[in-house]
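J.:
Chains as they are written, first to last, in the numbering used here: chain Z, 25 to 505; chain E, 5 to 97.
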């Protein structure tokens with residue numbers, strides 16, 4: 025039955041349409057996968073019961089009967105949504121996020137809630153208040169983060185797709201660490217209504233899957249304008265699989281970001297894997313040139329400031345008054361706030377919102393926040409300039425393969441600095457996909473990013489798909505599942 | 005290198021509405037100093053930047069009443085009385 029476990033959505037759809045298997049049998053199969061294998065990797069915080077999953081089944085739609093899992097920060101009506109935090113441990117959403125509603129009406133079956141870093145703050149899924157998810161390729165290593173549970177479940181063949189969210193790396197980096205495909209869309213292309221905010225001007229919901237086609241298929245379901253998100257772009261729904269011909273766009277011009285390949289801490293194995301990927305694209309007909317973007321050296325700093333500032337503001341609402349956890353035995357309201365937030369938030373969340381309030385506070389806002397916003401504008405305009413010369417950009421997703429659990433316990437800053445490779449796209453609001461491009465000697469997956477200008481998702485998917493068809497990486501799965 | 009005093013970190017904790025226990029103060033100072041000293045580099049190049057900021061646009065919608073079941077929301081309150089959220093005393097006598 026491993027064939028079914030690692031089947032693509034495309035193949036599963038054919039099996040359902042040909043009545044080789046019923047949607048209920050398929051659901052049973054994947055529920056059993058979680059029962060049998062999730063104890064190895066701890067990807068899920070909760071798997072729902074079969075009956076309640078089937079309540080939302082609709083016999084129509086592009087993803088009819090196809091099971092998947094949601095990151096624990098996307099609202100599903102009447103289900104708990106905790107952001108992997110103690111402060112929301114019993115919080116039940118009273119409505120569906122737009123992405124949830126769209127997936128349900130496409131007939132997709134949502135099996136549960138995937139583990140993540142608390143409030144999506146982290147790069148390893150270690151800050152979850154509940155459990156540490158393991159990398160399916162090596163259980164002593166992290167799956168990446170913050171959407172680590174979403175990535176691990178898909179890589180281990182427990183579901184064919186999952187949704188995550190990406191504020192600085194959180195879909196692409198775990199996808200790379202787990203050897204799968206993950207997209208961070210153009211800001212505003214996927215609705216944030218019902219996505220619990222970390223940094224609202226950077227957050228986007230993204231798709232994780234094992235193939236580019238599957239990714240584009242799920243993406244087609246969730247992308248497009250939504251009235252309920254005022255930052256949503258006026259873009260109509262599209263079929264993002266339409267261009268996946270296996271060929272590149274004619275005269276495609278690709279820029280390879282040199283600064284990233286020679287960045288401090290860049291692992292040689294990863295750099296050469298990405299170089300090989302560029303070679304494949306060149307063979308397929310792309311015109312490749314090197315580009316330099318020294319401004320990227322400032323992106324992590326700008327990202328730290330802007331994301332923490334927005335987090336401080338967004339997380340002010342968790343106060344123990346209306347929902348979620350409230351600390352007991354407080355004498356005054358003020359004391360109740362202090363104790364609830366002290367006991368309800370984990371260490372990483374507390375430090376990030378402290379940093380946020382510092383950079384926003386009187387006397388420091390000019391030095392930090394305003395300057396960071398200036399740097400963000402410069403990053404945007406530099407990307408714009410580069411895209412006058414090339415259609416797409418390429419850079420690694422990460423400087424090192426999945427690291428050991430606990431490796432950065434003593435120096436979180438070193439882990440956060442790896443956002444260098446991914447956060448510039450969030451700051452610029454542009455789309456990027458991470459796809460597998462090989463393995464290290466230790467058999468750990470390597471990923472690289474294809475980056476495009478605003479709303480270039482079709483070109484990104486087309487290029488990623490053409491690359492994928494030439495390479496074996498998407499057919500390789502971790503042992504033991 | 006940015007230096008943060010104990011007084012300053014306690015002030016930020018107060019703004020953040022989060023208590024800091026005595027043994028948490030020193031590690032928090034260290035962490036803030038590390039991140040902020042790194043983040044400070046935005047200042048280096050920002051002085052030379054003259055990029056106009058993006059124009060913000062307002063997105064309006066009709067102000068219509070949407071019926072919601074308030075019971076579902078109130079049911080999640082840590083403490084309630086009828087249609088009210090109950091909190092500890094606000095001003096001590």
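Note that beta-carbon positions come from the ideal geometry of N, C-alpha and C, so glycine has one too. Remember, predicted model here, so these are calculated numbers, not experimental data.
1. In terms of residues, what are the limits of the beta strand (DSSP E) holding residue 229(Z)?
2. Measure from the alpha carbon of residue 410(Z) to the alpha carbon of each residue in 320(Z), 205(Z), 214(Z), 208(Z), then state which is nearest.
3. Tell me which residue opens and which closes the beta strand (DSSP E) that residue 186(Z) is part of.
4. Please state if the CB of residue 474(Z) and the CB of residue 302(Z) are separated by a distance shorter than 8 Å.
5. Whole angstroms is fine: what's the gap from residue 150(Z)'s alpha carbon to residue 140(Z)'s?
6. List the residues of chain E whose Cβ lies closer than 7 Å to the Cβ of residue 325(Z), in chain order.
7. Pairs of beta-carbons, one from the stretch 324-336 of chain Z and one from the stretch 37-46 of chain E, closer than 8 Å: are there three or more?
8. Leaving out five residues on either side along the sequence, give the residues of the same chain with a beta carbon under 7 Å from the beta carbon of residue 152(Z).
9. Can you pull the chain Z residues whose beta carbon is under 7 Å from the beta carbon of residue 91(E), in chain order?
10. With a threshold of 8 Å between beta-carbons, can residue 396(Z) be considered close to chain E, or not?
11. Under a three-way DSSP split, which group does residue 447(Z) fall into?
12. So residue 460(Z) and residue 203(Z) are supposed to be a Cβ contact under 8 Å. How far apart are they, rounded?
13. Chain Z partners of residue 36(E), CB-CB under 8 Å?
14. Which residues, in order along the stretch 70-82 of chain E, keep a beta-carbon less than 7 Å from a beta-carbon of chain Z?
15. According to a CB-to-CB cut-off of less than 7 Å, which residues of the stretch 93-122 of chain Z neighbour chain E?
16. Just how far apart, CA to CA, sit residue 114(Z) and residue 258(Z)?
17. Using a C-beta to C-beta distance shorter than 7 Å, which residues of chain E count as neighbours of residue 437(Z)?
18. Report yes if the C-beta distance between residue 90(Z) and residue 156(Z) is below 8 Å; otherwise report no.
19. Taking DSSP as the reference, what is the three-state secondary structure of residue 473(Z)?
20. State yes or no: is the C-beta of residue 106(Z) within less than 8 Å of the C-beta of residue 145(Z)?
21. For a contact meaning CB atoms closer than 8 Å, what does residue 363(Z) contact in chain E?
22. To the nearest whole angstrom, what separates the beta carbons of residue 471(Z) and residue 458(Z), a pair I think is in contact under 8 Å?
23. Over the uninterrupted beta strand (DSSP E) stretch that includes residue 115(Z), give me the two end residues.
24. Could you tell me how far apart the beta carbons of residue 184(Z) and residue 234(Z) are, in whole angstroms, since I believe they sit closer than 8 Å?
25. Can you list, in chain order, the residues of its chain with a C-beta nearer than 6 Å to that of residue 261(Z)? Leave out the 5 residues immediately preceding and following it.
26. With 8 Å as the threshold, decide whether the Cβ of residue 322(Z) is near any Cβ in chain E.
27. Excluding the 5 residues preceding and the 5 following residue 306(Z) in the sequence, name in chain order all residues of the same chain whose CB lies nearer than 7 Å to its CB.
28. So with Cβ pairs under 8 Å, would you call residue 66(E) a contact of chain Z?
29. Just to confirm, are residue 347(Z) and residue 81(E) a CB contact at a threshold of 8 Å?
30. Under the rule that 16 or more other beta-carbon atoms within 10 Å means buried, what is residue 318(Z), buried or exposed?
31. For residue 15(Z) and residue 92(Z), I'd like the C-alpha separation in whole angstroms.
32. Residues of the stretch 47-58 of chain E in Cβ contact with chain Z at a cutoff of 7 Å, in chain order, please.
33. Return the first residue and the last residue of the alpha helix (DSSP H) that residue 349(Z) is part of.
34. How is the alpha helix (DSSP H) around residue 77(E) delimited, first residue to last?
35. Since residue 350(Z) meets chain E, which of its residues come closer than 8 Å, beta carbon to beta carbon?
36. Enumerate in chain order the residues of its own chain whose CB-to-CB distance from residue 161(Z) is below 8 Å, with the five nearest sequence positions on each side excluded.
T.: So, to answer that:
1. Taken as a continuous stretch (DSSP letters only), the beta strand (DSSP E) holding residue 229(Z) covers 228-233.
2. Per the Cα distances, 320(Z).
3. 185-190 is the span of the beta strand (DSSP E), which, as asked, contains residue 186(Z).
4. Between residue 302(Z) and residue 474(Z), the gap from beta carbon to beta carbon reaches 8 Å or more.
5. The straight-line gap from Cα to Cα measures roughly 8 Å.
6. Against residue 325(Z), the close residues of chain E are 42, 43, 45, 46, in the order they occur along the chain (beta-carbon pairs closer than 7 Å).
7. Taking 8 Å as the limit for Cβ pairs, the verdict is that the stretch 37-46 of chain E does touch the stretch 324-336 of chain Z.
8. The residues are 108, 139, 140, 141, 142.
9. Listed along chain Z, the residues sitting closer than 7 Å to residue 91(E) by beta-carbon distance are 345, 357, 360.
10. Cβ-Cβ to chain E under 8 Å: yes for residue 396(Z).
11. Three-state result, residue 447(Z): helix.
12. Contact flag correct, Cβ pair sits at about 5 Å.
13. Neighbours of residue 36(E) on chain Z, chain order: 375, 378, 379, 382.
14. Under the 7 Å Cβ criterion, the stretch 70-82 of chain E contributes 76, 77, 80, 81, 82.
15. Of all residues in the stretch 93-122 of chain Z, 115, 116, 118 have a Cβ within less than 7 Å of some Cβ in chain E.
16. In a straight line, the C-alpha of residue 114(Z) is about 36 Å away from that of residue 258(Z).
17. By Cβ distance, chain E contributes 38, 39, 42.
18. No, the Cβ-Cβ distance between residue 90(Z) and residue 156(Z) is not below 8 Å.
19. Secondary structure of residue 473(Z) (DSSP, three-state): strand.
20. With contacts defined as CB atoms closer than 8 Å, residue 106(Z) and residue 145(Z) fail to qualify as a contacting pair.
21. Taking a Cβ-Cβ cut-off of 8 Å, the neighbours of residue 363(Z) in chain E comprise 23, given in sequence order.
22. Between residue 458(Z) and residue 471(Z) the Cβ distance is about 4 Å, and since that is below 8 Å, they are a contact.
23. Going by DSSP, residue 115(Z) is part of no beta strand (DSSP E) at all; its letter is neither H nor E.
24. Right, their Cβ atoms sit about 7 Å apart.
25. Within the same chain, residue 261(Z) has close Cβ partners 248.
26. Residue 322(Z) counts as touching chain E.
27. A distance below 7 Å between beta-carbons, with the five flanking residues on each side excluded, links residue 306(Z) to the following residues of its chain, in chain order: 312.
28. Residue 66(E) does not count as touching chain Z.
29. Against a cut-off of 8 Å, the Cβ pair of residue 81(E) and residue 347(Z) comes out as a contact.
30. The residue is exposed, with fewer than 16 neighbouring Cβ atoms inside 10 Å.
31. Examination of residue 15(Z) is not possible in this model, given that chain Z is present from 25 through 505 alone.
32. Of all residues in the stretch 47-58 of chain E, only 47, 49, 50, 53, 55, 57 come within less than 7 Å of chain Z when Cβ atoms are compared, listed by chain position.
33. Careful: residue 349(Z) lies outside any alpha helix (DSSP H) and carries neither H nor E.
34. Here the alpha helix (DSSP H) through residue 77(E) covers 74-78.
35. Within 8 Å of the CB of residue 350(Z), the CB atoms of chain E belong to 82, 83, in sequence order along the chain.
36. Once the five neighbours on either side are set aside, the close Cβ partners of residue 161(Z) are 179, 202, 203, 426, 467, 468, 469, 502.
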